[in-house]
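See below for the structure under consideration.
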Amino acid sequence: MARPILATIHLGALRHNLAVVRRFAPHAMTMSVIKANGYGHGMLRVAQGLQDSDGFAVLGVDEGVTLREAGYDQTILLLEGLFAPDELPLAARHRLAIVVHCEEQLRVLEADRGAHQVDVFLKINSGMNRLGVVPTRFWGVYDRLKACKSVGEITLMTHFATADEALGVEEAFARFDEMTGEISRPRSMANSASLIRFPQTHGDWVRPGIMLYGASPFADQSAVSLDLKPAMTFTSQIIGVQSLQPGQGVGYGYAFRADRPMRVGVVACGYADGYPRHAPTGTPIVVAGRMTRTLGRVSMDMLFADLTEIPEADVDSPVELWGEQVAVDEVARAADTIGYELLCAIARRVPMVQVD
Ligand SMILES: Cc1ncc(COP(=O)(O)O)c(C=O)c1O
Numbered sequence: 177m178a179r180p181i182l183a184t185i186h187l188g189a190l191r192h193n194l195a196v197v198r199r200f201a202p203h204a205m206t207m208s209v210i211k212a213n214g215y216g217h218g219m220l221r222v223a224q225g226l227q228d229s230d231g232f233a234v235l236g237v238d239e240g241v242t243l244r245e246a247g248y249d250q251t252i253l254l255l256e257g258l259f260a261p262d263e264l265p266l267a268a269r270h271r272l273a274i275v276v277h278c279e280e281q282l283r284v285l286e287a288d289r290g291a292h293q294v295d296v297f298l299k300i301n302s303g304m305n306r307l308g309v310v311p312t313r314f315w316g317v318y319d320r321l322k323a324c325k326s327v328g329e330i331t332l333m334t335h336f337a338t339a340d341e342a343l344g345v346e347e348a349f350a351r352f353d354e355m356t357g358e359i360s361r362p363r364s365m366a367n368s369a370s371l372i373r374f375p376q377t378h379g380d381w382v383r384p385g386i387m388l389y390g391a392s393p394f395a396d397q398s399a400v401s402l403d404l405k406p407a408m409t410f411t412s413q414i415i416g417v418q419s420l421q422p423g424q425g426v427g428y429g430y431a432f433r434a435d436r437p438m439r440v441g442v443v444a445c446g447y448a449d450g451y452p453r454h455a456p457t458g459t460p461i462v463v464a465g466r467m468t469r470t471l472g473r474v475s476m477d478m479l480f481a482d483l484t485e486i487p488e489a490d491v492d493s494p495v496e497l498w499g500e501q502v503a504v505d506e507v508a509r510a511a512d513t514i515g516y517e518l519l520c521a522i523a524r525r526v527p528m529v530q531v532d
């Protein structure tokens, strides 16, 4: 019998979450961000669930080509543009739009002298200082792009550093708006957090990622309160049960010791499956449909769940690591990380299935 661990991807939840995006941003086109293997859910699987999107955003030219070859005809954007000049012919042949975030990338297009044609999203650094043309260089780059024979349509783009935080986006938005205000071209600014909280940033294309997968972009607001449904349910089973006497420890380092008689379930899931090793005792987990907590240290292939208050739980009882009953954001919070990281880190050895 196979190990009982499984990630189930709900296409219906993806469709629902896309509808939520459109409720928040009814006038913008939706560029669904499906990089990093669809935030861990499987890129093509996610594209199928989100096939109604106006566009898809990925990282590598190979991902773009895979999407085209799978028959997706909408806009496909390479979020960091070309990593090497020889990617240009491939991008052009498959009608992939590319980000231009620096002058080196602009020079690749100029050197092509119109041999190929690509649509460009010109990325502007509005304060995050990650990728993007700085305001003082903007006009120079923009004018050269306009004159470049290899460039088709130009969209103006930025990305916000603090859309999910109290600081918000006002200052960065104002900087972007001031710089680009007189230009009549399509604009793209908003990730999930920005499209939910700052309607002024919707522009022509919103770029939601995390909310499509049913997790919250915010530390202070749950996915459920945003009407988002988890696209992934990560499940396993109890494969062993131990009884602890007061003072006995469990797992590596005896990181947890019983202070009373306890029942402990051994769950077939560990950090080699993508469960965070730093999740401490007390991380929420559901066994046999009941909420309980993890105990002790997560090991490579197993972790421990407290069954003391769940007498009906035994070997073979179902376990939900995250999904509908335990939000991935709750597990992430306990492990001092974010839902994004947990979803992206699901290991290849975890079988994945999709349901409608
Ligand atoms: C440029 C860009 N736009 C949009 C997104 C989507 O962000 P989120 O998942 O927070 O909605 C990302 C994600 O990292 C990004 O890098």
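Quick note: the sequence shown uses the working numbering, first residue 177, plus one each step. All C-beta atoms in this analysis are idealised placements derived from N, C-alpha and C, irrespective of residue type, glycine included.
Three-pair Cβ contact test at 8 Å for the segment 425 to 437 versus the segment 209 to 219: no
Nearer than 8 Å: is that true of the beta carbon of proline 406 relative to any heavy atom of ligand 1? Locating residue 406 in the sequence shown gives position 230, where the first residue counts as 1. Flag unset: Cβ of proline 406 not near ligand 1.
Quick one: which unbroken alpha helix (DSSP H) runs of 4-plus residues sit fully inside the segment 229 to 293? Chain order, please. 237 to 245, 264 to 269, 279 to 288
Which residue comes first and which comes last in the alpha helix (DSSP H) that contains glutamine 227? Within the sequence shown, the letter at position 51 stands for residue 227. Unbroken run through glutamine 227: none, as it is neither H nor E.
Alanine 366, DSSP secondary structure in three states: For the purposes of this step, residue 366 is taken as the residue at position 190 of the sequence shown. Alanine 366: coil per DSSP, three-state reduction.
Of all the options Ile181, Ile210, Pro180, which has the alpha carbon lying nearest to the alpha carbon of leucine 194? The sequence position of residue 194 within the sequence shown is 18, counting from 1. That would be Ile210, whose Cα lies nearest to the Cα of leucine 194.
Report the residue ranges of all alpha helix (DSSP H) runs contained in full by the segment 478 to 515; include only those spanning at least 4 residues, in chain order. 504 to 510
Inter-residue Cα distance where the pair is methionine 387 and valine 507: Within the sequence shown, the letter at position 211 stands for residue 387. Within the sequence shown, the letter at position 331 stands for residue 507. Their Cα atoms are separated by approximately 17 Å.
For alanine 201, the nearest candidate out of Asp288, Pro494, Thr377 (CA to CA): Here residue 201 corresponds to residue number 25 of the sequence shown, with the count starting at 1. Ranking Asp288, Pro494, Thr377 by Cα distance to alanine 201 puts Thr377 first.
According to DSSP, residues forming a beta bridge with histidine 186: If you number the sequence shown from 1, residue 186 lands on position 10. Looking at the DSSP assignment, histidine 186 forms a beta bridge with Val531.
With a cut-off of 8 Å on the beta carbons, I'd call valine 417 and aspartate 490 a contact; round off their distance for me. Position 241 of the sequence shown, counting from 1, holds the residue named residue 417. Position 314 of the sequence shown, counting from 1, holds the residue named residue 490. Right, their Cβ atoms sit about 6 Å apart.
Sorted by chain position, which residues of the same chain lie with C-beta nearer than 6 Å to valine 526's C-beta, five sequence neighbours on each side aside? Locating residue 526 in the sequence shown gives position 350, where the first residue counts as 1. Closer than 6 Å at the Cβ level, and outside the excluded window around valine 526, lie Ile181, Ala183, Asp449.
Please state if the CB of proline 422 and the CB of glycine 465 are separated by a distance shorter than 9 Å. Reading the sequence shown from its first residue, position 289 is the one you call residue 465. Reading the sequence shown from its first residue, position 246 is the one you call residue 422. Their beta carbons are not under 9 Å apart, which means glycine 465 does not touch proline 422 by this criterion.
Run the CB neighbour count on aspartate 262, radius 10 Å, all protein chains shown included, and call it buried at 16 or more, exposed below. Mapped onto the sequence shown, residue 262 falls at position 86. Its Cβ having fewer than 16 others within 10 Å, aspartate 262 is exposed.
Given 8 Å, three or more beta-carbon pairs between the segment 365 to 383 and the segment 339 to 351: yes
If you draw a straight line from the C-alpha of serine 364 to the C-alpha of aspartate 353, how long is it? In the sequence shown, the residue the question calls residue 364 occupies position 188. In the sequence shown, the residue the question calls residue 353 occupies position 177. Using only the alpha carbons, I get a separation of about 11 Å.
Taking Cβ to Cβ, would you say valine 296 is nearer than 9 Å to valine 275? Translated into the one-based positions of the sequence shown, residue 296 becomes position 120. Translated into the one-based positions of the sequence shown, residue 275 becomes position 99. Yes; because the gap between Cβ atoms is below 9 Å, this pair is in contact.
Compute the distance between the beta-carbons of phenylalanine 480 and valine 442, then report whether it is under 9 Å. For this step, residue 480 is matched to residue 304 along the sequence shown. For this step, residue 442 is matched to residue 266 along the sequence shown. Result yes, Cβ atoms of phenylalanine 480 and valine 442 sit closer than 9 Å.
Which whole-angstrom value describes the C-beta separation of glutamine 293 and serine 326, a residue pair presumed to lie in contact below a C-beta threshold of 8 Å? To locate residue 293, count along the sequence shown from 1; it is residue 117. To locate residue 326, count along the sequence shown from 1; it is residue 150. Yes, glutamine 293 and serine 326 are in contact; Cβ-Cβ is about 6 Å, under 8 Å.
Within the same chain, show all residues whose beta-carbon is closer than 7 Å to that of aspartate 512, passing over the 5 residues directly before and after it, in chain order. Here residue 512 corresponds to residue number 336 of the sequence shown, with the count starting at 1. Counting only Cβ-Cβ distances below 7 Å, and skipping sequence neighbours, we find His454.
Measure the Cβ-Cβ separation of leucine 272 and leucine 298 and say whether it is below 9 Å. The residue labelled residue 272 in the question sits at position 96 within the sequence shown. The residue labelled residue 298 in the question sits at position 122 within the sequence shown. Against a cut-off of 9 Å, the Cβ pair of leucine 298 and leucine 272 comes out as no contact.
What are the boundary residues of the beta strand (DSSP E) that proline 311 is part of? Translated into the one-based positions of the sequence shown, residue 311 becomes position 135. No beta strand (DSSP E) contains proline 311, which is instead part of the alpha helix (DSSP H) from 311 to 323.
Look at the alpha carbon of valine 310 and the alpha carbon of histidine 277, and state the distance between them as a whole number of angstroms. For the purposes of this step, residue 310 is taken as residue 134 along the sequence shown, with counting starting at 1. For the purposes of this step, residue 277 is taken as residue 101 along the sequence shown, with counting starting at 1. Answer to the nearest angstrom: the Cα atoms are 9 Å apart.
In this structure, how does DSSP classify phenylalanine 410 when only helix, strand and coil are distinguished? Locating residue 410 in the sequence shown gives position 234, where the first residue counts as 1. Strand.
Between which two residues does the alpha helix (DSSP H) holding threonine 356 run? As a first step, residue 356 must be located in the sequence shown, where it is residue number 180. It spans 346 to 356 - the alpha helix (DSSP H) in which threonine 356 sits, taken as one unbroken run.
According to the Cβ coordinates, are arginine 473 and methionine 207 closer than 9 Å? Within the sequence shown, numbered from 1, the residue matching residue 473 stands at position 297. Within the sequence shown, numbered from 1, the residue matching residue 207 stands at position 31. Against a cut-off of 9 Å, the Cβ pair of methionine 207 and arginine 473 comes out as no contact.
For glycine 425, the three-state DSSP class (helix, strand or coil): Within the sequence shown, residue 425 is the residue found at index 249, counting from 1. Strand.
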